[in-house]
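Heads up, the thing below is written out as structure tokens.
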Amino acid sequence: MFVLSASGRNLNFPPVEQADADGLLAVGGDLRPERLLEAYRHGIFPWYNEDQPILWWSPDPRAVLFPSKLHVPRSLERTMRRGLFTVTLDRCFREVMTRCAGPRPQYPNGGTWITPAMIEAYGTLHELGYAHSVETWVGTDLVGGLYGLALGTAFFAESMFTQVDDASKTALVALVRQLQVWEFSIIDCQQASPHVRRFGAEEIPRREFMACLSEATGRSNRYGRWAFDTVPAIQSGI
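Using our numbering, read the sequence shown as starting at 11 and increasing by one per residue.
Shown next as structure tokens:
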């Protein structure tokens, strides 16, 4: 197992082909912005519990959603057209992360991998213009959302939460439709689940993912605070 140092300037990771069968590539290191960005550029992400050292992963196959292949279930489309929700970008990043870290039906003990150190690290990436949040509101109440980070035309989806049916799904659809407009080429979902498959996510070999990622991260970054180019239809009920 490759062990990373938490000190010094060497931020290099081993080749992703050296990951084990579960996708675990390295252990240790730190969550400074430079290391996180280096990891994501090379198809690597941290995922660990609070009582563990930092674990770095690059699974094979990789779950991805190509924005052009977005599928919106009819029931969700009907919900969105009712105009129940308002959706925003980058309104309250740290609050979204904190909600994602809290107990949810699938994680009754909380999203334990979203540690205080992770919230601080990704909060810094947000301040630097790399990490972004999508918020779903009912009136002034935050009821759902998701967060991730962007490099070039790749978006790396990290986690989502919902407190009202379809709130996080609505956030996801609004985000993907905006990324289509901005000509993003790939959304990294990391690992497949029935939830992301419903929206068109698929598994591809890691070597194919790395080729797509290399092309995407070679394009210009969209830094800074994001906002929708136009008001999403789900906000006006049309």
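We put the CB at the ideal spot given by N, CA and C, even for glycine.
Run through DSSP, which three-state label would Y58 get?
Coil.
Indicate the three-state DSSP secondary structure (helix, strand or coil) for R51 in the structure shown.
Three-state result, R51: helix.
How many angstroms separate the CA atom of L86 from the CA atom of D176?
So the alpha carbons of these two residues sit roughly 7 Å apart.
Mind checking G247: buried by the 16 CB within 10 Å criterion, or exposed?
Any reading at G247 needs caution, since the residue's pLDDT is 38, under 50, leaving its predicted position unreliable; the model's value is listed next. G247 should be labelled exposed.
At a cut of 8 Å, does the region 144–155 reach the region 90–105 through at least three beta carbon pairs?
Yes, the region 144–155 is in contact with the region 90–105.
Mind checking if P43 is an interface residue toward chain B, Cβ cutoff 8 Å exclusive?
The structure shown contains no chain B; it holds only a single protein chain.
Please classify T163: does DSSP put it in a helix, a strand, or coil?
Looking at T163 - three-state DSSP - the assignment turns out to be coil, as it is neither helix nor strand.
Tell me whether the region 23–31 and the region 56–74 touch, counting them as touching only if at least three CB pairs, one residue from each stretch, are closer than 8 Å.
Touching, per the Cβ criterion.
By the three-class DSSP mapping on this structure, what secondary structure does Y157 have?
If DSSP states are grouped into helix, strand and coil, Y157 belongs with the strands.
Tell me the rounded alpha-carbon separation between T125 and G112.
Computed Cα separation, rounded: 10 Å.
Using only the alpha-carbon positions, how far apart do D209 and A160 sit?
Per the sequence shown, residue 209 should be read as Phe rather than Asp. Computed Cα separation, rounded: 20 Å.
Based on the DSSP output, what are the partners of L65 in its beta bridges?
In DSSP, L65 forms a bridge with V37.
Cα-Cα, which of D198, R104, R91 is closest to A221?
The candidate whose alpha carbon is nearest that of A221 is D198.
Out of curiosity, what's the CA-to-CA distance linking L21 and R88?
Their backbone Cα atoms lie some 47 Å apart in a straight line.
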